[in-house]
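**Student:** What follows is a structure written as structure tokens; I'll ask about it next.
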Amino acid sequence: MIILAFPDYLSQAQRLANRLNKPLIEVTLHNFPDGESFIRLPPSLPEHLIICLSLNQPNDKLIELLLCATTARELGAKRLTLVTPYLSYMRQDTANQPGEAISQRIIGKLLADLFDDVVTVDPHLHRISSLTQAIPIKNAVSLTAASEISGFLKQQFSHALLLGPDSESDQWVGAIAGNIGFDYAIAAKHRLGDQQVEMTLPDKDFSNKPVVIIDDVASTGRTLAKAAELLQAAGCKNIYALVTHALFCGDAYDHILKSGIKTIWSTDSIDHPSSCIRLDTLLANAIRAIS
Ligand code: R5P
81 MIILAFPDYL
91 SQAQRLANRL
101 NKPLIEVTLH
111 NFPDGESFIR
121 LPPSLPEHLI
131 ICLSLNQPND
141 KLIELLLCAT
151 TARELGAKRL
161 TLVTPYLSYM
171 RQDTANQPGE
181 AISQRIIGKL
191 LADLFDDVVT
201 VDPHLHRISS
211 LTQAIPIKNA
221 VSLTAASEIS
231 GFLKQQFSHA
241 LLLGPDSESD
251 QWVGAIAGNI
261 GFDYAIAAKH
271 RLGDQQVEMT
281 LPDKDFSNKP
291 VVIIDDVAST
301 GRTLAKAAEL
311 LQAAGCKNIY
321 ALVTHALFCG
331 DAYDHILKSG
341 IKTIWSTDSI
351 DHPSSCIRLD
361 TLLANAIRAI
371 S
């Protein structure tokens, strides 16, 4: 077995390789001026490859994965395991209006066709209960970073109130709060557009303890910023945020920090200055379990 790492996931893949005590090779990737991608793999490959990258900025990366997996098969690899701690395209799981592409199903099938195993962390599954419903292969493994996040929060705070910004976050926030015995509350969110959200806080006293807003992803950062704005108005003085996947598109990071949030933390599913919670042990255990 070897670990094959895409360049923007190299440091995390190296930690995973160290944890598994396996060699790592970096995929040679070049982006041509016209937007095409070039991939080169070592011509001699073992039977089992663990291919690692997160699918933030997914459109180019999906083509690169297609090139990589197809080439690996042509070079003789028999088993391809995709480790993609951030798995995109999971949110659109239904056609809200006739004619809409159900991207979860389409991208899920593409990955199922390319890989024998897919391992990811806290995918945004809303109306389905199992990742195999989206990626129809036996080893479609959905891990949760709840225990890593819980351990991190326990080191930072003796007590804090955890706030989920919308009903979908209940699954993550409830699990984390339960692990460490912290209180939690869930806000109600209504998204009006990419950059615009409305939110109502639950009826609770937010003025007397630190509040940590917890979500699976921060994309534009508008969800976290709106929650922080409402918490400040409710008298909260110590506001923090923690997300599993630090997408931080465009001005998101600045926008969040300007909103009154003191510090934002994330896992290393995506490399970012905030990503201090490491996932290599979680991923290594999952790979051992399916290998
Ligand atoms: C929504 O359903 C997700 O759980 C996040 O709350 C959302 O994607 C965050 O997006 P943004 O940072 O753009 O507000």
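So our numbering is basically just the index in the sequence shown, starting at one, shifted up by 80. Just so you know, even glycine gets a beta-carbon here, dropped at the ideal spot from N, CA and C.
Which residues bound the alpha helix (DSSP H) around N98?
**Tutor:** For the purposes of this step, residue 98 is taken as residue 18 along the sequence shown, with counting starting at 1. N98 -> alpha helix (DSSP H) spans 90-100.
**Student:** Around the Cβ of A175, are there at least 16 other Cβ atoms within 10 angstroms (buried) or fewer (exposed)?
**Tutor:** Position 95 of the sequence shown, counted from the start, is the residue given in the question as residue 175. Answer is exposed; the Cβ neighbour count stays below 16.
**Student:** Using DSSP bridges, identify the partner residues of L160.
**Tutor:** Translated into the one-based positions of the sequence shown, residue 160 becomes position 80. Answer is L129.
**Student:** What are the start and end residues of the alpha helix (DSSP H) that includes A214?
**Tutor:** Numbered from its first residue, the sequence shown carries residue 214 at position 134. Per DSSP, A214 belongs to the alpha helix (DSSP H) from 211-214.
**Student:** The alpha helix (DSSP H) with E309 in it runs from where to where?
**Tutor:** Reading the sequence shown from its first residue, position 229 is the one you call residue 309. From DSSP, the alpha helix (DSSP H) with E309 extends over 302-313.
**Student:** Going by DSSP in three states, D250 sits in which element: helix, strand or coil?
**Tutor:** Numbered from 1 along the sequence shown, position 170 holds the residue referred to as residue 250. DSSP places D250 in helix when its eight states are reduced to three.
**Student:** Please state if the CB of T108 and the CB of L133 are separated by a distance shorter than 8 angstroms.
**Tutor:** Here residue 133 is taken as the residue at index 53 of the sequence shown, counted from 1. Here residue 108 is taken as the residue at index 28 of the sequence shown, counted from 1. No, the Cβ-Cβ distance between L133 and T108 is not below 8 angstroms.
**Student:** Take K306 and list the residues in its own chain whose beta-carbon comes closer than 6 angstroms to its own, dropping the five residues that flank it on each side.
**Tutor:** Reading the sequence shown from its first residue, position 226 is the one you call residue 306. Result list for K306: V277, M279, in chain order.
**Student:** Should the region 241-250 be regarded as contacting the region 209-222, the criterion being three or more beta carbon pairs within less than 8 angstroms?
**Tutor:** Result no; under three Cβ-Cβ pairs closer than 8 angstroms.
**Student:** Cβ of L304 within 8 angstroms of Cβ of I293?
**Tutor:** Here residue 304 is taken as the residue at index 224 of the sequence shown, counted from 1. Here residue 293 is taken as the residue at index 213 of the sequence shown, counted from 1. In contact: L304 and I293 (Cβ atoms closer than 8 angstroms).
**Student:** Across the region 85-92 and the region 343-354, are there enough close Cβ pairs to call them in contact, namely three or more that are closer than 8 angstroms?
**Tutor:** Touching, per the Cβ criterion.
**Student:** Which of the three DSSP states, helix, strand or coil, is assigned to K141?
**Tutor:** Your numbering for residue 141 matches position 61 in the sequence shown. Helix.
**Student:** Closer than 7 angstroms to a non-hydrogen atom of ligand 1 - does that hold for the CB of T372?
**Tutor:** The chain is shown from 81 up to 371; residue 372 falls before or after that span and cannot be answered.
**Student:** Could you tell me which residues DSSP pairs with Q276 in its beta bridges?
**Tutor:** Taking the sequence shown and counting its residues from 1, one reaches residue 276 at position 196. Q276 is bridged to G273.
**Student:** Which stretch, first to last residue, makes up the beta strand (DSSP E) that contains N111?
**Tutor:** Reading the sequence shown from its first residue, position 31 is the one you call residue 111. 108-111 is the extent of the beta strand (DSSP E) around N111.
**Student:** Can you find a C-beta in chain B that's less than 8 angstroms from the C-beta of T300?
**Tutor:** Absent from the structure is chain B; it holds one protein chain and no more.
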